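Line by line, the protein sequences are chains P and D.
The first sequence finishes on residue 463 if you use the numbering used here, and the numbering steps up by one all the way, no holes.
The second sequence finishes on residue 912 if you use the numbering used here, and the numbering steps up by one all the way, no holes.
Virtual Cβ for every residue (Gly too), placed ideally from N, Cα, C.
Computed from a predicted structure; not experimentally measured.
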Amino acid sequence: MSNLTVIAVLLILMGLAYQLGTAKSSKQASRAARDKTTPSMHSRPHHHGALVAFWTVAPALLLVLLWSWFSPWMINQMLISQLPEPMASFSGSELEAVLRRVHNVAGNFVAAGVLADWEMQAAQYYQEMRALSQAIMVAAVSATAAAGLFLSYRQVNPQLRARNAMERVIKAVLIASSTVAILTTIGIVLSMVGETLRFFQFVSPMDFFFGTTWNPRFSTVGGGDQGEFGLLPLLVGTLLVASVALLVAIPLGLLTAIYLAEYAPSRLRSIAKPVIEILAGIPTIVYGFFALVTVGPFLASLGASVGLDIRATSALTAGVVMGIMIIPFISSLSDDILTQVPKALRDGSLGLGATKSETIRKVVLPAALPGISGAVLLAASRAVGETMIVVLAAGNSPVLTANPFEAVSTMTVTIVNQLTGDNDFSSPQSLVAFALGLTLFAITLVLNIIALLIVRKFREQYD
Amino acid sequence: MSQDNSNLTVQDKVVASLKRRRRQEKLFRTLGLGSVILSLALVAILFINIFSKGVPAFWQTSMTVEVYFDPDVIRISEKPEQQPNETFEDFDERLLDWETQLGFVNFNRILSDSITPLLSDFERSQTRYVTQLVTSGERHALRDMVMEDPSIVGETRSLTLLTSADVDVWLKGNIDRSLPDDQLQLPAVVREWADELHANGHIQNRFSTALFMNPDSRSSLASAGLAGAFVGSFYMLLIVIFLAIPMGVAAAIYLEEFAPKNKLTDIIEVNINNLAAVPSIIFGLLGAAVFINWFKLPMSAPVVGGLVLSLMTLPTVIIATRATLRAIPPSIRAAALGLGASKTQTVFHHVLPLAIPGILTGSILGVAQALGETAPLLLIGMKSFVASIPQSPMDQATALPVQIYLWQGNELRNFFEARTSAAIIVLLMLMISLNSLAIWLRRKLEVRW
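What follows is the structure in structure tokens.
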């Protein structure tokens, strides 16, 4: 019986338990209605039903989860103690290989006939233990469910505050859900810090943060030379692409926002705003393809016609397309912020005889500046962390250069390149992805938090 | 008097500067309008570019051929039937033998024998070129037909066979026809045949069902399709829908309706807003470290992809739901509480039903965002070629955006540039329909307070 079957049976049992609880409390309720001497019900029948169902299924379900979590580990420990020498004294990756081998034999993934005796025995032992563990689990789960059903069913009585109990359960579920978001952040930080520390056992942080050469050399197993992991070329590449993107997006996005917020008739605004926001919804892989196939060759031929040597895949190509992508991030947020600037400020300026553009430039924009800089920072964080456009269109050449016409590589591209194929997290070549990820996370975190605080402060200012 | 004078000079100054200021006003306004038009034009260019490249790839050249299943070439024994006194293992053994026998049949010969009568200018020495007209997957299709129903041996069937990718490129003019021979994939004789068959109608441009029905393929490029990617994306979206949406809504309800307003909830709020802006690739790293390295889940499986995308979508759903809940007037809550409902009853019986339109809209937008995400999937191993349609969420799979990434890197650029664009159109269409659904729901269900 697989875990899924067990869970399915438990779900059926849940329905049954609900019906039982509801039926019993309904009977009590009707008795209470007829006979004034018995106390009236505190909770409605469906509260009682739900509570019985909860006590029947929840502990049993918890048991299934815990069991499927711990039993493989237990079985492996018992299996190791059964292994003959020299396998029993193996450790680390060797032991893991032996275990995997036994699991494969047990699962019939290995052709018969080429097996050593100990492998057959271990596999048989493993299968027996698994069957035993499964049987124990089914028994234990049935017992728990039955006990839960019995005890909670007996508890059903007019005084039981079933509704309050159920409400506590619901609240617990809600709280558990809202911790997931926090756990995600903690998980991101912990997993990346852990792997980064392992990376720093191979490469010193000084060499990583201040190294000017990136040449990770996919070394053969046990090779002494492990290459150079200098962050700077990647960091400079990232900043170069992001700066080009912002140079494209800030003027376009800001002017668009100003025109739409201050000048545009409402009809144009109601059409143009959602259409520009489409740009934010297009998957980044589409932009990457667009950059690679259309924009890159176009920029290269444009460069050639004015005598500039522009590579088809370069920081410029990736940056321009990324700039197009983040136009709506700047224009939408700035538009919201501009419309929040109180009308009194505008009226005051216009009343003193300023033209509309003077009012915007000298009064509205300065008032909106904090909010707009928040929007720009959010867009910058988006640009720094963007992956697919640069993977396809930046040229993937990790050299230290400040020339946007040349091919560069960024942190995100390198993360994708280093974490390839077999995720064997033991070499500095793959661990460096986490060090890069942590750096990237730190940069975007700072940008995001400053931006969020600015935007929030701005909202309060005019609310 | 002196005051009048100075007033005059100020007025003079103002009048003198008016022209310049009006010009500036005009310039500023034009700049604004220009950037609006430029932004709109960029949207248009992007779409026109992708569509003009991709739409032709929805049609693919295929050849109608009378295929004669020649018993002299398909020399196989009778398909074994299970005997009443035979165990299943023995029968399986015999069936395997028969299938092996079938595997040795030269189906290329069947194909070339069936195609050569259509060619006006054919010499025996050119036989080996004939099969280059048809994509290599079709001979497996012929084999599968025989395996399915051995009685067709000796019969003639009219079949529509996909032409090879090179022929498709040649006939659609996606390659410069004046290139010298050594730069063209197809030999001159095959090109002539293709043109001839195209001219007399044996080869026609038909709507490509292969693009939708087949999984990816590397041996038979013309039959590479999106079916595997569809199924992979579908599994992942199911996981997102069943995991991220309930959890996000529950979290939003707690934070908005139950949680006390203090430092801790403030930190949670900043945390969720930050999480919504964390680069998606970071979620991929999280998935690689936690789900694959720690929980030992299989690589490039939709289940891992679904979990990673769920974590990524969660903040979007939470933020949208909270905004909706906040917009519901407090009087609704006050009325329910005043009539004696408990806090939980107030929220679940009165507030939540009113918030459903907003929650739906936000959730659909979150799902659409998850559908288009590529980078985190690459990090959990989804950049390898998968030639089969995944049977369960634990199998190896690709997703639509990942398939686009894989196809754009294919060496046969002339063929795959169009096919990639077609895949992008499919992805964009799915996203546009999800977004339109969200907009429609919002319009239909929206309540204004």
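Contact with chain D by residue i, beta-carbon distance below 8 angstroms
i: Pro368/P; result: Here the sequence assigns Ala to residue 368/P, which means Pro is not the residue at that position. It does not: the Cβ of Ala368/P has no partner Cβ on chain D nearer than 8 angstroms.
i: Glu94/P; result: no
i: Ala272/P; result: yes
i: Val286/P; result: yes
i: Ala315/P; result: no
i: Met192/P; result: yes
i: Lys171/P; result: yes
i: Tyr259/P; result: yes
i: Lys356/P; result: yes
i: Thr412/P; result: yes
i: Asn3/P; result: no
Rounded straight-line distance, which links the Cα of residue j to that of residue i
i: Tyr592/D; j: Ile539/D; result: 26 angstroms
i: Ser266/P; j: Ile500/D; result: 16 angstroms
i: Gly437/P; j: Ser152/P; result: 50 angstroms
i: Gln667/D; j: Gly636/D; result: 14 angstroms
i: Asn76/P; j: Ala140/P; result: 21 angstroms
i: Leu701/D; j: Thr5/P; result: 20 angstroms
i: Thr439/P; j: Glu195/P; result: 13 angstroms
i: Leu481/D; j: Thr359/P; result: 15 angstroms
i: Ala242/P; j: Leu625/D; result: 45 angstroms
i: Leu718/D; j: Val52/P; result: 28 angstroms
i: Arg882/D; j: Phe521/D; result: 8 angstroms
i: Glu874/D; j: Lys343/P; result: 59 angstroms
Any C-beta of chain P under 8 angstroms from that of residue i
i: Phe697/D; result: no
i: Arg796/D; result: no
i: Thr594/D; result: no
i: Gln667/D; result: no
i: Glu552/D; result: no
i: Met894/D; result: yes
i: Val780/D; result: no
i: Trp903/D; result: no
i: Glu556/D; result: no
i: Ile819/D; result: no
i: Pro864/D; result: yes
Opening and closing residue of the beta strand (DSSP E) in which residue i lies
i: Gln667/D; result: 666-670
Those residues which DSSP pairs with residue i across a bridge
i: Gln523/D; result: Arg669/D
i: Tyr531/D; result: Thr619/D
i: Glu228/P; result: Asn215/P
i: Leu624/D; result: Met526/D
i: Gly395/P; result: Val408/P
i: Val597/D; result: Thr626/D
Cβ neighbour criterion (16 or more within 10 Å) applied to residue i
i: His812/D; result: exposed
i: Gln546/D; result: exposed
i: Ala715/D; result: buried
i: Thr619/D; result: exposed
i: Lys457/P; result: exposed
i: Phe434/P; result: buried
i: Gln201/P; result: exposed
i: Gly801/D; result: exposed
i: Leu748/D; result: buried
i: Glu720/D; result: buried
i: Val910/D; result: exposed
i: Phe878/D; result: buried
i: Gln124/P; result: exposed
i: Asp35/P; result: exposed
i: Met166/P; result: buried
i: Gly829/D; result: buried
Extent of the continuous alpha helix (DSSP H) run through residue i
i: His603/D; result: 600-611
i: Pro366/P; result: 365-385
i: His812/D; result: First-last for His812/D: undefined, no H or E at that position.
i: Glu195/P; result: 162-202
i: Trp67/P; result: 45-82
i: Ser152/P; result: 117-155
i: Arg361/P; result: Segment: none, Arg361/P is in no alpha helix (DSSP H) and carries neither H nor E.
i: Pro274/P; result: 266-281
i: Met894/D; result: 876-908
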